[in-house]
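Residue numbers (the UniProt record's numbering): 1 to 347.
Virtual Cβ for every residue (Gly too), placed ideally from N, Cα, C.
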């Protein structure tokens, strides 16, 4: 039984991914040319194209991916031929973001309507995340104003309020929502009786950033609750949050004071041993200095005594020498006198 040629583009897309994963780039690109070359019998749907598109985009072949994407758009001719879908745009937007080509990513995003593709939460989230992460906050906010509000509006219009709220919540941490954006989603919640959900939104705003809960938004909320006789709940909520914040601040201050007291106790417990240790060292040093001084004094005294004894010896010797010399001189004088007397007697 002869082997039949595989004509499903999805299989080739997966095969290309496998080649790229193994580092077999040449084989991957040969597969690409064989499948999409002129006269290829392989059937290519939007899904099949996307497998190949992703294989190229995520493996260093983004320019080839862009060429393929253009071919897909050119072939797209619904309902007879569907070559592009939401997944195709997701891949290209993600690829542009990876290349830091954000203007091109936004341009592709904005062109989705031309092929009757409606952006989903995923592509919004990917693009806005990338813009915010790369200090493109102004572009992200502009994107939301242009398309995000429309998406929320469409979801609300078809009754998907919970989905609209989820999308809105996803965007809030990333963007600075204005009063109109808050009022729009709150109004949608009021219209379907989700007053508690509005109050939960207010609670979050007051806790995260009270500046978001402007006077305009507060009055809008009060008006919506007033129809149900629940206007005072806004005031009660604000008071509860202020009290909780005050209690939290007091608790934090108490914990800080306890930490300081504990630190002081620990330091105090270490000080005596430190001081006594220093005192012992000082005493030891004093004893050593005293001993050294005594040794120096003894040495000095011994030296002085030795010098004195040596001096006395020299003096004795000198005195003895002088006495002996005087004795000799006296004897000689006596003898001379005696001799003179004797000579006179003789005469």
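(message) Looking at residue 217: is its Cβ nearer than 8 Å to the Cβ of residue 183?
(response) Contact flag set, yes.
(message) According to DSSP, is residue 94 part of a helix, a strand, or is it coil?
(response) Residue 94: helix per DSSP, three-state reduction.
(message) What does the alpha-carbon distance come out to for the pair residue 110 and residue 68?
(response) About 19 Å.
(request) Could you tell me which residues DSSP pairs with residue 8 in its beta bridges? (result) Within the DSSP secondary-structure output, residue 8 pairs in a beta bridge with 43.
(message) Less than 8 Å between the beta carbons of residue 167 and residue 151, yes or no?
(response) Yes, the Cβ-Cβ distance between residue 167 and residue 151 is below 8 Å.
(request) Could you check which residue in 40, 127, 90 and 19 has the C-alpha nearest to that of residue 100? (result) Comparing Cα-Cα distances from residue 100 to each of 40, 127, 90 and 19, the minimum goes to 127.
(message) Taking 8 Å as the limit between beta carbons, can you name the residues of its chain near residue 237, skipping five residues before and five after?
(response) The beta carbon of residue 237 sits closer than 8 Å to those of 199, 202, 203 and 206, all from its chain and outside the five residues before and after it, given in chain order.
(request) Determine which residues share a DSSP beta bridge with residue 81 and list them. (result) DSSP lists 77 as partners of residue 81.
(message) Taking its Cβ as the centre, do 16 or more other Cβ atoms sit within 10 Å of residue 435, making it buried, or is it exposed?
(response) The requested residue 435 is not part of the displayed model; the chain covers only 1 to 347.
(message) My parser needs the alpha helix (DSSP H) runs of 4 or more residues fully inside the region 127-163; what are they?
(response) Taking only runs of at least 4 residues, the alpha helix (DSSP H) segments lying wholly in the region 127-163 are 137-143 and 149-157.
(message) Our contact map puts residue 46 next to residue 85 with C-beta atoms below 8 Å; I'd like the distance itself, whole angstroms only.
(response) About 4 Å separates the two Cβ atoms, so the contact holds.
(message) Less than 8 Å between C-beta atoms, sequence neighbours within five positions excluded: which residues of the same chain meet that for residue 31?
(response) 12, 15, 16 and 19.
(request) Indicate whether residue 57 and residue 106 have their beta-carbon atoms separated by less than 8 Å. (result) Cβ atoms of residue 57 and residue 106: not closer than 8 Å.
(message) Using only the alpha-carbon positions, how far apart do residue 169 and residue 125 sit?
(response) Distance from the CA atom of residue 169 to the CA atom of residue 125, rounded to whole angstroms, is 11 Å.
(message) Quick check on this structure: which residue in 188, 179 and 178 has the alpha carbon closest to the alpha carbon of residue 164?
(response) When each option's Cα is compared against that of residue 164, the closest is 188.
(request) Look at the alpha carbon of residue 243 and the alpha carbon of residue 215, and state the distance between them as a whole number of angstroms. (result) Rounded to whole angstroms, residue 243 to residue 215 spans 21 Å at the Cα level.
(message) Which of the three DSSP states is assigned to residue 210 in this structure?
(response) Residue 210: helix per DSSP, three-state reduction.
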